[in-house]
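Residue numbers (the working numbering): 50 to 147.
1) Pair every Cβ in the stretch 102-117 with every Cβ in the stretch 57-69, then say whether three or more of these pairs are closer than 8 Å.
2) Determine the closest residue to residue 139 out of 125, 130, 116, with distance taken between C-alpha atoms.
3) Pick out whichever of 84, 108, 135 has its Cα sitting closest to the Cα of residue 125.
4) Can you name, in chain order, every residue of its own chain whose Cβ lies under 8 Å from the Cβ of residue 129, other than the five neighbours on each side?
5) Here's a check: name, in chain order, each residue in its chain whose Cβ is nearer than 6 Å to the Cβ of residue 114, leaving out the five neighbours to either side.
6) Distance, Cα to Cα, residue 62 vs residue 95?
7) Can you say whether residue 110 is buried or exposed, counting buried as having 16 or more other CB atoms within 10 angstroms of its CB?
8) Please list the segments of the beta strand (DSSP E) lying wholly inside the stretch 58-123, counting only runs of 3 or more residues, in order along the chain.
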């Protein structure tokens, strides 16, 4: 079993409230979940208006598939015009890892 995680650090555009932030972040999380069947959520910077941290994870028996899905997720987020992708951190785990 292979598990891949990806954490996005995002800078949001002209956002002045947490409600506006939510209106940008929630559709991104929903699209990641719908399009790639990953587990995704806002995982950090929840009290900052112009910053967001989104995490996603995928599990598969094939390491290549995990990498392919994470690549697709990163392209989706990087292509969103309403956010700037500051960083994307990946981690891979295998069930033999201790």
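Think of the CB as a built atom: it goes at the ideal place given N, C-alpha and C, for glycine as much as any other residue.
So, from the listed chains and residues:
1) yes
2) 116
3) 84
4) 77
5) none
6) 16 Å
7) exposed
8) 88-93, 100-109
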